[in-house]
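Peer 1:
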Amino acid sequence: MVLQRYLLSATRQYTLKRRILGSFRQTFCELRYSYSSDSTRKYTDRHEWVVVEKGIGTVGISNYAQESLGDIVFAQLPDPGSEIKAGDECGALESVKAASEIYSPVTGTITEKNSEVENKPSLINTSCFEKGWLFKLKLTKPEELDELMNEEQYEKFLKSDVEKDH
Amino acid sequence: MAQTMMRKIVMSGACVVLGITRRSSSRCLVTSSNNVTMKKKDRVLPEEEEITKSVFMSQSTDIYTNLALEDWMYRNMDFTNHHVMMVWRNEPSVVIGRHQNPWLEANISHLTEKDISLARRNSGGGTVYHDRGNLNITFFTPRERYDRKYNLELIKRALFRGFGIKSVINKRDDIVVRDNYKISGTAAKLGRLTAYHHCTLLVNANKADLSKALAKREHGIQTKATESTRSAVANLADIDHKVTVDSLQTAVGYEYLRTPALHLEDGGQGLIMKQRGFQFVNPTDNWFPGLAELKQELQSWDWCFGRTPVFTVSRTFPVPAEILAPSKVYTATQELVINMTVEKGLIDDVTLSIPPGLIESGFHGEASVITHLKGKRFTSEALNALQDAMLTRHLNSDVKKLDEKDQFVAKCFDQVVNTI
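Protein chains in written order, with full-length UniProt numbering: chain F, 1 to 166; chain D, 1 to 420.
Right under this line is the structure:
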């Protein structure tokens, strides 16, 4: 009897703990998500991505773009200090005899270019979201980010774009 | 603007539309430039049968004008419903890829001597030689419909249909004949809305001039710039003497018009009749407002040479025994080493390693000489600056001309900056 009661209370306590912990974990995740949504990746219809942290945007090209370009042999990147508008041509990537223009997703002043990529352009192929970033810029019109696609929208756009193509 | 230009094209006496005149006058060559700035997401690409095609024949043989025309069309025309193939040829010129080093790819001093133009194009790829015996073809399409294989296959079909010449497209997208002799080189530029693919076709180009202009020399250049791949070349006229630049242009032009826009199939005479046909274009600022400016940019030193990716040069020159200090005996070879970094075509950094023999014989003042070189173009301009600096130094010591040691150093510099 005593044992039974003990077991019952133990189970109750356990389930209660689980429930509290669970809900805590959930809110923590939600918090973390809403906090980090500022720095989520946004995409353009030209397959560039931008991640903004503390007003500085890091720009690169998407995995789809990297794959369709093939082996990148040369990266021409914008010089720090230059001011560029969203949609401006600001460099080029060369792969299999084709020069593909790079356009900036947002307006701002270039603060840094990835010299590692200049020395080793294949980094764009092997790590397009991490080591293969192209340049950083200080955003002057952060509201432009709202016009860009999020991950999910971009995936959808990719599907329709690929269908259009073939 | 676009409308008036169209009228000009239609009304101009120089505009000869072979084959079909009906359709071309009723449609617009250039649609509103608003289309070019519109959002790509909103663009709807037409079905294949709605696309019409034109063959443009440039009336210029000037490399800079033709490259400017290509760039003008890329920037201003909308190819959504209208695909264009442009054929053009040039007076002797060497055309380097967008990210190449002219000092590495071309024999610059030979080009100057023979009055051969050097041009940098906007597309990627390697260096090619053009003369009147070479036909250039540019295929313009919307970015999404850029298809190099289609274009090359089309040329291959034209060669076979027109002349019975069998050719192969290799892994590098070169068209080769017989035992891998290259007759065509390819390059492309991809933009947001528009893309073009252009290629060369050797018909009866001067092969001796070609190899002299592109001759590989001692240069000591280290760079990340795109390098060319050397290939053995052949002229189509050597395979079949019936091939001329004109007959090839006609053959490829008709093949383009008889092929549907998105897949390879023979649409025959019926399809040719549906196209807009062959049109002569006169690349002048009247026809293409803004063309002159684009041409000027393409002709400038800053574009042709100044756009060269950063590079370093390292050259070693043995010092002749007669200018070493006579009283000493040197066991090791006395060598002058010149190292330079060149950024945007301008000398950024220079180091001279002067062997003991040259110092002991009285050569000095190199530090002041070097500072004069910074910011100078990697041309004879740098050599002149060096000689001037050396002379200024001598002015203080009442000697008005360069001594043999200075002359030797100047000669080495000449070889560095003129890549001799």
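Note that CB positions come from ideal geometry on N, CA and C, so glycine has one too.
If the cut-off is 8 Å on Cβ atoms, which residues from the region 202-231 of chain D count as contacting chain F, listed in chain order?
Peer 2: The region 202-231 of chain D vs chain F, Cβ under 8 Å: K224, A225 and T226.
Peer 1: CA-CA distance, F:D88 and F:D146?
Peer 2: Counted from its first residue, the first sequence places residue 88 of chain F at position 88. Counted from its first residue, the first sequence places residue 146 of chain F at position 146. Going from the Cα of F:D88 to the Cα of F:D146 covers about 18 Å.
Peer 1: Between D:F278, D:T186 and D:I347, which lies nearest to D:F311 when the distance is taken from Cα to Cα?
Peer 2: To locate residue 311 of chain D, count along the second sequence from 1; it is residue 311. Minimum Cα distance to D:F311 is reached at D:I347.
Peer 1: Give a yes or no on whether 9 Å exceeds the smallest Cβ distance from F:Y103 to chain D.
Peer 2: For the purposes of this step, residue 103 of chain F is taken as the residue at position 103 of the first sequence. It does; some Cβ of chain D falls within 9 Å.
Peer 1: For D:I183 versus D:L202, is the C-beta spacing smaller than 9 Å?
Peer 2: One-based indexing of the second sequence puts residue 183 of chain D at position 183. One-based indexing of the second sequence puts residue 202 of chain D at position 202. Yes, these two residues count as a Cβ contact at 9 Å.
Peer 1: So what's D:D414 in DSSP terms, helix, strand or just coil?
Peer 2: Counted from its first residue, the second sequence places residue 414 of chain D at position 414. Residue state, collapsed to three classes: helix.
Peer 1: Express the C-alpha separation of D:G124 and F:E94 in angstroms, rounding to a whole number.
Peer 2: Here residue 94 of chain F refers to the residue found at position 94 when the first sequence is read from its first residue. Here residue 124 of chain D refers to the residue found at position 124 when the second sequence is read from its first residue. Roughly 6 Å separates the two Cα atoms.
Peer 1: Near D:C304, what residues of its chain come up, given a Cβ to Cβ distance below 7 Å and the 5 sequence neighbours on each side ignored?
Peer 2: Locating residue 304 of chain D in the second sequence gives position 304, where the first residue counts as 1. Result list for D:C304: P102, L118, A119 and R120, in chain order.
Peer 1: From this set, F:A99, F:D71, F:E151 and F:I110, which residue's C-alpha is nearest F:N125's C-alpha?
Peer 2: Within the first sequence, the letter at position 125 stands for residue 125 of chain F. Comparing Cα positions, the closest option is F:D71.
Peer 1: For D:F408, which three-state DSSP category applies?
Peer 2: Taking the first residue of the second sequence as position 1, residue 408 of chain D is located at position 408. Helix at D:F408.
Peer 1: Classify D:L67: buried if its beta carbon has 16 or more other beta carbons within 10 angstroms, exposed otherwise.
Peer 2: Working through the second sequence from its first residue, we reach residue 67 of chain D at position 67. Counting Cβ neighbours within 10 Å, D:L67 comes out buried, since at least 16 surround it.
Peer 1: By alpha-carbon positions, which one of F:S160, F:N150 and F:N119 ends up nearest to F:Q76?
Peer 2: If you number the first sequence from 1, residue 76 of chain F lands on position 76. The residue with the shortest Cα to Cα distance from F:Q76 is F:N119.
Peer 1: Residues of the region 94-128 of chain D with a CB closer than 7 Å to any CB of chain F: list them in chain order, please.
Peer 2: The residues in question are R98, H99, N122, S123, G124 and G125.
Peer 1: Check for me: the alpha helix (DSSP H) holding D:D238 runs from which residue to which?
Peer 2: Your numbering for residue 238 of chain D matches position 238 in the second sequence. It spans L236 to I239 - the alpha helix (DSSP H) in which D:D238 sits, taken as one unbroken run.
Peer 1: Please identify the residue among D:K149, D:A321 and D:S380 whose C-alpha is closest to the C-alpha of D:D173.
Peer 2: Reading the second sequence from its first residue, position 173 is the one you call residue 173 of chain D. Here the closest residue by C-alpha is D:K149.
Peer 1: Report yes or no: do the region 284-294 of chain D and the region 69-76 of chain D share at least 3 C-beta pairs separated by less than 8 Å?
Peer 2: The region 284-294 of chain D is in contact with the region 69-76 of chain D.
Peer 1: Give me the Cα-Cα distance between F:S160 and F:I61, rounded to the nearest whole angstrom.
Peer 2: Your numbering for residue 160 of chain F matches position 160 in the first sequence. Your numbering for residue 61 of chain F matches position 61 in the first sequence. One C-alpha to the other measures close to 19 Å.
Peer 1: Give the secondary structure of F:K159 by DSSP, where H, G and I count as helix, E and B as strand, and everything else as coil.
Peer 2: Residue 159 of chain F sits at position 159 when you count from the first residue of the first sequence. F:K159: helix per DSSP, three-state reduction.
Peer 1: Do you know how far the Cα of D:N81 is from the Cα of D:T419?
Peer 2: Residue mapping note: residue 419 of chain D aligns to position 419 of the second sequence, counting from 1. Residue mapping note: residue 81 of chain D aligns to position 81 of the second sequence, counting from 1. Rounded to the nearest angstrom, the two C-alpha atoms are 48 Å apart.
Peer 1: Are the C-beta of F:G87 and some C-beta of chain D separated by less than 9 Å?
Peer 2: In the first sequence, the residue the question calls residue 87 of chain F occupies position 87. Taking Cβ atoms only, chain D reaches closer than 9 Å to F:G87, which makes this a yes.
Peer 1: If you draw a straight line from the alpha carbon of residue 194 of chain F to that of D:W287, how long is it in whole angstroms?
Peer 2: Because chain F in this structure spans residues 1 to 166, residue 194 of chain F falls outside the shown range and cannot be described.
Peer 1: Given this structure, state the Cα-to-Cα distance separating D:L45 from D:R145, to the nearest angstrom.
Peer 2: The residue you call residue 45 of chain D lines up with position 45 of the second sequence. The residue you call residue 145 of chain D lines up with position 145 of the second sequence. For D:L45 and D:R145, the distance between alpha carbons rounds to 9 Å.
Peer 1: Whole alpha helix (DSSP H) runs in the region 94-136 of chain F with 4 or more residues, listed along the chain?
Peer 2: As far as the region 94-136 of chain F is concerned, its whole alpha helix (DSSP H) runs of at least 4 residues are 115-119 and 123-126.
Peer 1: Does the CB of D:H197 have a neighbour CB from chain F at under 9 Å?
Peer 2: In the second sequence, counting from the first residue as 1, residue 197 of chain D sits at position 197. True, the Cβ-Cβ gap to chain F drops below 9 Å.
Peer 1: Report the CB separation of D:L248 from D:I272 in whole angstroms; it is logged as a contact under 8 Å.
Peer 2: Here the question's residue 248 of chain D lines up with position 248 in the second sequence. Here the question's residue 272 of chain D lines up with position 272 in the second sequence. Contact doesn't hold; Cβ gap of about 18 Å is too wide.
Peer 1: Looking only at C-alpha atoms, which of D:E343, D:D406 and D:L352 sits nearest to D:R377?
Peer 2: One-based indexing of the second sequence puts residue 377 of chain D at position 377. Among D:E343, D:D406 and D:L352, the Cα nearest to that of D:R377 belongs to D:E343.
Peer 1: If D:V319 sits next to D:G357, beta carbons under 8 Å apart, how far is it from one beta carbon to the other, in whole angstroms?
Peer 2: Position 319 of the second sequence, counted from the start, is the residue given in the question as residue 319 of chain D. Position 357 of the second sequence, counted from the start, is the residue given in the question as residue 357 of chain D. That pair is a contact at about 6 Å.
Peer 1: Quick one, which residues of the region 47-73 of chain F are near chain D if we go by CB-CB under 7 Å, in chain order?
Peer 2: From the region 47-73 of chain F, only V73 have a Cβ closer than 7 Å to chain D.
Peer 1: Which residues does DSSP pair with F:E48 in a beta bridge?
Peer 2: One-based indexing of the first sequence puts residue 48 of chain F at position 48. DSSP output for F:E48 lists F:I61 as bridge partner(s).
Peer 1: Helix, strand or coil, according to DSSP, for D:P142 in the structure here?
Peer 2: Within the second sequence, numbered from 1, the residue matching residue 142 of chain D stands at position 142. Residue state, collapsed to three classes: strand.
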